[in-house]
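Peer 1: Numbering (this note's numbering), first residue to last: 377 to 715. Have a look at this one.
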Ligand code: PEP
Ligand code: MN
């Protein structure tokens with residue numbers, strides 16, 4: 377349930393209303409906008425009588441939220457959420473680019489790629505240290521050493537780093553070392569992990585599950601938010617359909633849908649979404665035009681020899697050609713590349 381307050385409601389009147397809500401056992405989520413204040417009630421509001429709150433003079437309107445996600449719901453927070461990552465902004469007419477190799481492989485690999493990306497323009501450096509591979513015999517990532525190498529690349533270039541966490545045992549290291557913690561598609565419904573990350577204040581990149589509906593995905597965001605962490609960036613990375621030509625089916629319609637349903641920023645991963653390096657440019661441009669707040673692009677200096685996801689990785693040279701094109705499109709869409 378949402379209570380929209382009349383413009384000009386006084387602090388004292390609002391306080392009285394909040395006390396009444398809390399006395400009924402609800403948590404509140406307050407959103408102060410330009411003209412109105414919105415109070416979201418969190419808890420089971422099915423049995424509550426609207427008259428309980430309509431008697432308050434400052435209540436302009438009472439709305440029922442039918443969706444199961446509350447804190448992630450745009451009704452709770454009409455304005456777009458902007459995530460601040462050490463001064464770089466995700467959301468609000470900026471277009472962020474997270475780029476880097478699928479896996480961190482060595483110091484020279486990650487530092488070399490990071491430097492090239494920096495030259496072309498990039499917002500964040502990505503690199504997997506823990507890899508969720510389909511086969512247990514495939515490269516599993518360098519683990520904590522991978523995080524150390526990412527930190528070296530950050531020191532060399534100043535680029536904030538993004539890496540995927542797979543288990544809570546290394547949570548402290550991730551919180552300490554990484555600027556954005558990624559939850560991969562396979563862990564989108566690892567509720568224990570989601571709750572633990574909800575108790576941190578780190579920005580979270582929450583990828584859509586392999587066959588998750590938008591509602592399931594937003595409920596995963598809700599798990600993190602319900603524990604207090606509202607710094608979430610959603611990432612559409614393709615879903616499983618009957619089509620096998622592409623690795624996944626990149627669901628770009630998820631972007632306007634999420635924008636309607638939620639205030640959280642959403643970015644698109646054309647690399648995992650298609651599995652084909654030659655599609656990355658086209659789908660990055662499409663992502664920008666669809667209204668996304670950014671893209672994730674896998675870049676490798678020698679894709680043929682990459683230890684994971686070489687087929688979908690572009691080279692630093694190819695990357696450098698995409699950036700000016702995205703810049704032009706960003707102008708048309710009244711966005712600004714955050715590079
Ligand atoms: C990745 O980012 O390298 C990755 C494994 O992504 P996803 O979880 O989307 O498959
Ligand atoms: Mn990958």
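C-beta atoms are modelled at their ideal positions from N, C-alpha and C, and glycine is treated no differently.
What's the C-alpha gap between residue 570 and residue 584?
Peer 2: By one-based count along the chain shown, residue 570 stands at place 194. By one-based count along the chain shown, residue 584 stands at place 208. Taking the straight line from one Cα to the other gives about 13 Å.
Peer 1: If you compare alpha carbons, which of 515, 502, 653 and 402 is closest to residue 556?
Peer 2: Walking along the chain shown from the start, residue 556 turns up at place 180. Nearest of 515, 502, 653 and 402 to residue 556, Cα basis: 502.
Peer 1: Can you tell me whether residue 363 is buried or exposed, with buried defined as 16 or more other CB within 10 angstroms of its CB?
Peer 2: No information on residue 363 is available, as it lies outside the stretch 377 to 715 that the chain covers here.
Peer 1: If you measure from the CB of residue 504, is any heavy atom of the ligand PEP nearer than 8 Å?
Peer 2: Taking the first residue of the chain shown as 1, we reach residue 504 at position 128. True, at least one ligand heavy atom lies under 8 Å from that Cβ.
Peer 1: Who's in the neighbourhood of the ligand MN, going by beta-carbon under 5 Å from any heavy atom, listed in chain order?
Peer 2: Every residue passing the under-5 Å Cβ criterion appears here: 478 and 685.
Peer 1: If you count every other CB in all the chains shown that lies within 10 Å of the CB of residue 506, and 16 or more means buried, which is it?
Peer 2: Here residue 506 is taken as the residue at index 130 of the chain shown, counted from 1. Buried, because 16 or more other Cβ atoms sit within 10 Å of the Cβ of residue 506.
Peer 1: Helix, strand or coil for residue 504, going by three-state DSSP, please let me know.
Peer 2: What you label residue 504 is simply residue 128 of the chain shown in a count that begins at 1. Correct three-state label for residue 504: strand.
Peer 1: Pick helix, strand or coil for residue 463, following the three-state DSSP scheme.
Peer 2: Sequence index remark: in the chain shown, residue 463 carries index 87 (1-based). It is coil, neither helix nor strand.
Peer 1: Does the distance between the C-beta of residue 530 and the nearest non-hydrogen atom of the ligand PEP fall short of 8 Å?
Peer 2: Counting from 1 along the chain shown, the entry for residue 530 is found at position 154. No.
Peer 1: Using only the alpha-carbon positions, how far apart do residue 700 and residue 573 sit?
Peer 2: In the chain shown, counting from the first residue as 1, residue 700 sits at position 324. In the chain shown, counting from the first residue as 1, residue 573 sits at position 197. Each residue's Cα considered, the two are about 36 Å apart.
Peer 1: Determine the direct distance from the alpha carbon of residue 454 to that of residue 675, and round the result to whole angstroms.
Peer 2: Here the question's residue 675 lines up with position 299 in the chain shown. Here the question's residue 454 lines up with position 78 in the chain shown. Cα to Cα, residue 675 sits roughly 35 Å from residue 454.
Peer 1: Within the continuous beta strand (DSSP E) that includes residue 670, where are the two ends?
Peer 2: Locating residue 670 in the chain shown gives position 294, where the first residue counts as 1. 670–674 is the extent of the beta strand (DSSP E) around residue 670.
Peer 1: For residue 706 and residue 492, I'd like the C-alpha separation in whole angstroms.
Peer 2: In the chain shown, counting from the first residue as 1, residue 706 sits at position 330. In the chain shown, counting from the first residue as 1, residue 492 sits at position 116. Answer to the nearest angstrom: the Cα atoms are 22 Å apart.
Peer 1: Since residue 377 and residue 421 are thought to touch, with beta carbons under 8 Å apart, how far apart are those beta carbons, to the nearest angstrom?
Peer 2: Locating residue 377 in the chain shown gives position 1, counting from the first residue. Locating residue 421 in the chain shown gives position 45, counting from the first residue. Right, the Cβ-Cβ distance comes to about 4 Å (below 8 Å), so this counts as a contact.
Peer 1: Could you tell me which whole beta strand (DSSP E) segments of length 3 or greater appear in the segment 632–696?
Peer 2: Qualifying beta strand (DSSP E) stretches, in chain order: 642–644 and 670–674.
Peer 1: Quick check on DSSP: helix, strand or coil for residue 432?
Peer 2: Counted from its first residue, the chain shown places residue 432 at position 56. Of the three classes helix, strand and coil, the one that applies to residue 432 here is coil, per DSSP.
Peer 1: With 16 other CB atoms within 10 Å as the buried threshold, where does residue 678 fall?
Peer 2: As a first step, residue 678 is located in the chain shown; it is residue number 302 there, counting from the start. Result: exposed.
Peer 1: According to DSSP, is residue 389 helix, strand or coil?
Peer 2: As a first step, residue 389 must be located in the chain shown, where it is residue number 13. Here residue 389 sits in helix by DSSP.
Peer 1: For the beta strand (DSSP E) holding residue 540, just list the boundary residues, first then last.
Peer 2: Counting from one through the chain shown, the residue named residue 540 turns up at place 164. 537–540 is the extent of the beta strand (DSSP E) around residue 540.
Peer 1: Would you say residue 628 and residue 448 are within 9 Å of each other, going by their C-beta atoms?
Peer 2: As a first step, residue 628 is located in the chain shown; it is residue number 252 there, counting from the start. As a first step, residue 448 is located in the chain shown; it is residue number 72 there, counting from the start. Not closer than 9 Å, so no.
Peer 1: Is residue 648 close to the ligand PEP? I mean its beta-carbon at under 8 Å from any heavy atom of the ligand.
Peer 2: Reading the chain shown from its first residue, position 272 is the one you call residue 648. Yes, since a heavy atom of the ligand PEP falls inside the 8 Å radius drawn around the Cβ of residue 648.
Peer 1: Using DSSP's beta-bridge definition, name the partner residues of residue 471.
Peer 2: Stepping through the chain shown from its first residue, residue 471 is reached at position 95. Answer is 713.
Peer 1: Does any CB atom of chain C fall closer than 9 Å to the CB of residue 481?
Peer 2: No chain C appears in this structure, which consists of one protein chain only.
Peer 1: DSSP three-state call for residue 440: helix, strand or coil?
Peer 2: Mapped onto the chain shown, residue 440 falls at position 64. The answer is coil: DSSP assigns residue 440 none of H, G, I, E or B.
Peer 1: I want to check one thing, is the minimum distance from the CB of residue 645 to the heavy atoms of the ligand PEP below 8 Å?
Peer 2: Within the chain shown, the letter at position 269 stands for residue 645. Yes; taking the cut-off as 8 Å, the Cβ of residue 645 has a heavy atom of the ligand PEP nearer than that.
Peer 1: Looking only at C-alpha atoms, which of 657, 485 and 379 sits nearest to residue 426?
Peer 2: Taking the first residue of the chain shown as position 1, residue 426 is located at position 50. Closest option to residue 426, Cα to Cα, is 379.
Peer 1: Sorry if obvious, but does the Cβ on residue 554 come closer than 8 Å to a heavy atom of the ligand PEP?
Peer 2: In the chain shown, counting from the first residue as 1, residue 554 sits at position 178. For the ligand PEP, not one heavy atom lies less than 8 Å from the Cβ of residue 554.
Peer 1: Name, in chain order, the residues that DSSP records as bridge partners for residue 403.
Peer 2: Locating residue 403 in the chain shown gives position 27, where the first residue counts as 1. Bridge partners of residue 403: 418.
Peer 1: Between residue 702 and residue 661, how many whole angstroms is the CB-CB distance? I'm expecting something under 8 Å.
Peer 2: Position 326 of the chain shown, counting from 1, holds the residue named residue 702. Position 285 of the chain shown, counting from 1, holds the residue named residue 661. Right, the Cβ-Cβ distance comes to about 7 Å (below 8 Å), so this counts as a contact.
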